[in-house]
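>
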Amino acid sequence: MPRIDQLLVSLGLAASRTRAQRLIRHGRVSRLDTQQTLTKASEMLSANTPIAVADDPEDRYVSRAGLKLEALLLARNKRFDGRTVLDIGQSTGGFTDCALRFGAGTVIGIEVGHGQLADALRQHPQVICLEGVNARRMSQQTEVLAALDAAPLDAVVMDVSFISQTLIIPEIAALMPDGGELFSLVKPQFELSPGALDKRGVVRHPEYFIQVENKLRQTCQSSQLRLLDWRESPITGGDGNREFLMHARLEHAA
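And the structure:
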């Protein structure tokens, strides 16, 4: 018998196991035969068990990350109509999903891990998934360059963890054409030293957020990226950390 989270995915009721687990955690999954709310993702159920999933406003995208990028695009009145978008830190595909809904012609995803992208996006004809790629060296990766040669880059979206974006922004500048735009979700806990975090990994004091903004402003400037907008994400991280949204444009010196 399958686990409940696996069953939800196989039945097409959740785009990924991560999404299935969140639905279960939020009490949105129930058995139709007993009206019982299912609360444990690891519980085994017969594949024939009738299951219902309550509507969730976050289900617009394959992950909550899509809502964060959506907030930035709406605030900046931006779309990707017909453009090629590079998604750095593709993971489950929340940013990829959002980019497609905002008109992207092609989304090329870069992910250091494997097997995370939601099946619906992996099979999407406008999505390319390049796995096992370290974004710190992506400008030297043959498969990345080949993908961008076939579909020249127009914009970049980024959502990365466990690495500072200061190490990736210069790589973005090396690949992006003049006028290309970057839309990024910044997670301060990965831009700061461990001493700035409490034992739960949450940033201790608000002044650290200013440090992060200044650091990324400097990195953008040194990479010829003009920072156009910096704002707090309306959705916090899963660990409770405040996150920020950044919009920048590459402007090579004349």
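Taking this note's numbering as reference, the numbering of the sequence shown is continuous, increasing by one, and the terminal residue is 645.
Cβ coordinates follow ideal geometry from the N, Cα and C atoms, glycine included.
Just so it is clear, the structure is predicted and the values come from calculations on it, not from any experiment.
Identify whether Asp396 lies in helix, strand or coil by the three-state DSSP scheme.
Here residue 396 refers to the residue found at position 5 of the sequence shown. Reduced to three states, the DSSP call for Asp396 is helix.
> Going by beta carbon distance, what residues of the same chain come within less than 7 Å of Tyr452, once the five residues before and after it are set aside?
Within the sequence shown, the letter at position 61 stands for residue 452. Only Leu458, Gly485, Asp488 and Cys489 meet the Cβ criterion.
> Note down the Cα distance separating Asp396 from Val548, rounded to an integer number of angstroms.
Position 5 of the sequence shown, counting from 1, holds the residue named residue 396. Position 157 of the sequence shown, counting from 1, holds the residue named residue 548. The alpha-carbon atoms of Asp396 and Val548 are separated by roughly 29 Å.
> Classify Ile479 as buried or exposed, calling it buried when 16 or more other Cβ atoms lie within 10 Å of its own Cβ.
As a position in the sequence shown, residue 479 is number 88, starting the count at 1. With 16 or more other Cβ atoms within 10 Å, it is buried.
> Give a yes or no on contact between the region 550-562 and the region 588-600, applying the rule of three or more CB pairs nearer than 8 Å.
Touching, no, given that fewer than three Cβ pairs across the two stretches are closer than 8 Å.
> Alpha carbons only, please: which of Ile563, Leu521 and Glu434 is nearest the one belonging to Gly500?
By 1-based counting over the sequence shown, the position of residue 500 is 109. That would be Leu521, whose Cα lies nearest to the Cα of Gly500.
> Short of 8 Å in beta carbon distance, which residues of its chain neighbour Ser401, apart from the five on each side in sequence? Order them along the chain.
For the purposes of this step, residue 401 is identified with residue 10 of the sequence shown, where counting begins at 1. Excluding residues within five positions, the ones whose Cβ falls inside 8 Å are Pro393 and Ala438.
> Using the Cα positions of Pro516 and Leu583, report the straight-line distance between them to the nearest angstrom.
One-based indexing of the sequence shown puts residue 516 at position 125. One-based indexing of the sequence shown puts residue 583 at position 192. The alpha-carbon atoms of Pro516 and Leu583 are separated by roughly 38 Å.
> Can you pull the DSSP bridge partners for Ser575?
Here residue 575 is taken as the residue at index 184 of the sequence shown, counted from 1. DSSP, once it has assigned bridges, lists Met549 and Met637 as partnering Ser575.
> Beta carbon of Ile442, beta carbon of Leu477: below 8 Å?
Mapped onto the sequence shown, residue 442 falls at position 51. Mapped onto the sequence shown, residue 477 falls at position 86. No. Outside cutoff.
> Verify whether the separation of the beta carbon atoms of Val577 and Leu616 is less than 8 Å.
Here residue 577 corresponds to residue number 186 of the sequence shown, with the count starting at 1. Here residue 616 corresponds to residue number 225 of the sequence shown, with the count starting at 1. Against a cut-off of 8 Å, the Cβ pair of Leu616 and Val577 comes out as no contact.
> On the three-state DSSP scale, how would you describe Glu434?
Position 43 of the sequence shown, counted from the first residue, corresponds to residue 434. If DSSP states are grouped into helix, strand and coil, Glu434 belongs with coil.
> Taking the alpha carbon of Pro625 as the point to measure from, which residue in Ala541, Leu618, Met637 and Ala462 has its own alpha carbon closest?
To locate residue 625, count along the sequence shown from 1; it is residue 234. Out of Ala541, Leu618, Met637 and Ala462, Ala462 has the C-alpha closest to the C-alpha of Pro625.
> For Ala495, list the residues DSSP reports as bridge partners.
Residue numbering aside, residue 495 sits at position 104 when the sequence shown is read from its first letter. DSSP lists no partner for Ala495.
> Going by DSSP in three states, Leu465 sits in which element: helix, strand or coil?
Here residue 465 corresponds to residue number 74 of the sequence shown, with the count starting at 1. In this structure, Leu465 counts as helix in the three-state DSSP scheme.
> Return the Cβ separation of Thr646 and Thr483 in integer angstroms, given the expectation that the two are a contact with Cβ distance under 8 Å.
Coverage of the chain is limited to positions 392 through 645, which leaves residue 646 absent and any answer about it impossible.
> Fully enclosed by the region 511-571, which beta strand (DSSP E) runs are 3 residues long or longer?
List check, beta strand (DSSP E) in window: 518-522 and 546-550.
> In terms of residues, what are the limits of the beta strand (DSSP E) holding Leu618?
Locating residue 618 in the sequence shown gives position 227, counting from the first residue. Note, Leu618: beta strand (DSSP E), Leu616 to Glu623.
> Measuring CA to CA, which of Val551, Thr428, Leu491 and Ala538 is closest to Asp472?
Along the sequence shown, read from residue 1 onward, the residue named residue 472 stands at position 81. Comparing Cα positions, the closest option is Leu491.
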